[in-house]
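The structure appears below as structure tokens.
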Amino acid sequence: MFKKLFILGTLLLGIFCSRAQTTETSKAIVQQEIMFPYQGEHTHGSSIVQLPNGDLLAAWFQGNGERTADDVRVMGSRQKKGTKIWAAPFLMADTKGIPDCNPTLFLNKEGKLFLIWIAVQANQWEYSILRFRTSTQYLGEGVPKWDWQDDILLKPDDGFAQEVAKKFKEMGDSHVGWASYAPKYDDMILEASKDKMKRSFGWMTRIPAITLESGRILLPLYSDGLNMSMVAISDDNGTTWRPSLPIVGRGPIQPALAVRKSGEIVAYMRDAGDAPGRVWVSTSKDHGDSWALAKKTDIPNEASVEIAALKSGKWVFFGNDISDGRYRLSLYLSNDEGNSWYKKEVIEYSPDRKSSFSYPCLIQTADGLVHISYSYTAGQGNNSIKHVVIDVDKID
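Numbering-wise (our numbering), the sequence shown opens with residue 146 and increments by one.
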């Protein structure tokens, strides 16, 4: 009986929330629903993956806050192929007494499922530890059967500090921005990059990994302490990981990656630097080992962004394209691999600014449709994760 009521409540609330927060629903949206009924606990940082049988698996973190609330854990849910119903949430990971945040899901080329997240030591982002679980038995009901669990420990060498110093010279003088090692932003970041401990800990997940044609896996990471990004690289299907050189700028964090036909990799990032907030971009010409100096684009930015190269050749960008809140989410289209964006479609909008939408995860499923999950708050105490399916062709 509880399961039936849960499903009915989810469907009704999904219909209500979809109509209550937007002035006009995009014609490109072919399906939308919240994953579970509104609740008072904080629900944030979702990730979504399509499984080999066509089902969807989602994960997010949930609790009474974020890094300062020790009850925060990673939750999950499933949606069967061809349905609009999400199963009752289940526990995916919980480091007892320590907040667990920012889960990401992906499959490697062997079909192994990865769940990677952070355990926030000492309730500080800068001391976060990367943790992961893997599963090869995940097509049943409820939580996957985990085969393995471990930590991902990275050790950036002195080349990391040298790259930071080199790129800061390219940027030129500036004394604006933020980092936990402030007040002197540039000097403190440069010194922190030389510290083996500070450059080894505090790397956090946000956007799922991508797999290159070679099989190399690139896991996007960022640091709130160093206020920049990098990627963890695996050339053995996720068994071992090593750090790339940093993606340097005054605040480019939470990178989302896409690969151009030339093999060049593009990272679009949230702005955690000086105003005005704008999306950052960087590129790698050596399969993720090193990155060009990050630069700001013209796209306004307030929070985490997502990007994907579609099978059609088009690119899609998704995020809060405003700099004064999280009350709007828009989808951008590009037909020149992100060099320009010719179309924008507003997917979520709260005219009274009382609702909040943020931290998307975006994938293209086998049928060509785009699936997005994101944090959905319909007023104080009404929290859920929303799932939206978009037919990009209907935008054009």
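The beta-carbon is built from N, C-alpha and C at its ideal position, and this holds for glycine as well.
Do the region 284-292 and the region 300-309 meet, that is, are 3 or more Cβ pairs less than 8 Å apart? no
Within a Cβ cutoff of 7 Å, which residues of the same chain sit near T213, ignoring the five residues on either side of it in sequence? Counting from one through the sequence shown, the residue named residue 213 turns up at place 68. N268.
Quick check on S345: does DSSP put it in helix, strand or coil? Translated into the one-based positions of the sequence shown, residue 345 becomes position 200. Residue state, collapsed to three classes: helix.
Taking K539 as the reference, which of S500, L476 and G199 has the closest Cα? Counting from one through the sequence shown, the residue named residue 539 turns up at place 394. Minimum Cα distance to K539 is reached at L476.
With DSSP collapsed to three states, give me the class of V288. As a position in the sequence shown, residue 288 is number 143, starting the count at 1. Coil at V288, not helix or strand.
Start-end ranges of the beta strand (DSSP E) lying completely within the region 380-434, minimum 3 residues: 397-404, 410-416 and 423-429
Could you tell me the alpha carbon to alpha carbon distance between V194 and P496, rounded to whole angstroms? Within the sequence shown, the letter at position 49 stands for residue 194. Within the sequence shown, the letter at position 351 stands for residue 496. So the alpha carbons of these two residues sit roughly 31 Å apart.
Have a look at D416 and G396 and give me their C-alpha separation to the nearest angstrom. Translated into the one-based positions of the sequence shown, residue 416 becomes position 271. Translated into the one-based positions of the sequence shown, residue 396 becomes position 251. Between D416 and G396, the C-alpha separation is close to 6 Å.
How would you write the range of the beta strand (DSSP E) that K312 sits in, first residue to last? Taking the sequence shown and counting its residues from 1, the one referred to as residue 312 is at position 167. No beta strand (DSSP E) contains K312, which is instead part of the alpha helix (DSSP H) from D303 to M316.
Pair within 7 Å by beta-carbon distance, S427 and W436: Taking the sequence shown and counting its residues from 1, the one referred to as residue 427 is at position 282. Taking the sequence shown and counting its residues from 1, the one referred to as residue 436 is at position 291. Result yes, Cβ atoms of S427 and W436 sit closer than 7 Å.
For G190 versus Y413, is the C-beta distance shorter than 7 Å? Position 45 of the sequence shown, counting from 1, holds the residue named residue 190. Position 268 of the sequence shown, counting from 1, holds the residue named residue 413. No, these two residues do not count as a Cβ contact at 7 Å.
When you compare the CB positions of A204 and M180, do they come within less than 7 Å of one another, or not? In the sequence shown, residue 204 corresponds to position 59, counting from 1. In the sequence shown, residue 180 corresponds to position 35, counting from 1. Going by C-beta atoms, A204 is not nearer than 7 Å to M180.
Residue ranges of each beta strand (DSSP E) run of no fewer than 3 residues wholly in the region 199-237, ordered along the chain? 201-208 and 218-224
With H, G and I counted as helix, E and B as strand and the rest as coil, what does DSSP make of D331? Here the question's residue 331 lines up with position 186 in the sequence shown. DSSP places D331 in helix when its eight states are reduced to three.
First and last residue of the beta strand (DSSP E) that includes Q282? Counting from one through the sequence shown, the residue named residue 282 turns up at place 137. First-last for Q282: undefined, no H or E at that position.
Between which two residues does the beta strand (DSSP E) harbouring D239 extend? On the sequence shown, position 94 is the one that residue 239 refers to. First-last for D239: undefined, no H or E at that position.
Count the CB pairs spanning the region 237-249 and the region 206-221 that are closer than 8 Å, and state whether there are at least three. yes
Secondary structure at E451, three-state DSSP: helix, strand or coil? By one-based count along the sequence shown, residue 451 stands at place 306. The answer is strand: DSSP assigns E451 an E or B state.
Outcome for G383 when other beta-carbon atoms lying within 10 angstroms are tallied against a minimum of 16: Within the sequence shown, the letter at position 238 stands for residue 383. Label assigned to G383: buried.
Give the single residue among Y521, M342, I410 and I535 whose Cα lies nearest to the Cα of S186. Working through the sequence shown from its first residue, we reach residue 186 at position 41. Here the sequence assigns Glu to residue 186, which means Ser is not the residue at that position. For E186, the nearest C-alpha among the options comes from Y521.
Boundaries (first-last residue) of the beta strand (DSSP E) holding G190: By one-based count along the sequence shown, residue 190 stands at place 45. First-last of the beta strand (DSSP E) with G190: H187 to Q195.
Among all the DSSP beta bridges, which residues are the ones paired with R498? Walking along the sequence shown from the start, residue 498 turns up at place 353. Answer by DSSP bridge pairing: none, since R498 is not bridged.
Can you tell me whether DSSP reads S108 as helix, strand or coil? Residue 108 is absent from the structure shown; the chain starts at 146 and stops at 541.
Y104 in three-state terms, based on DSSP: With the chain covering only 146 through 541, there is no way to say anything about residue 104.
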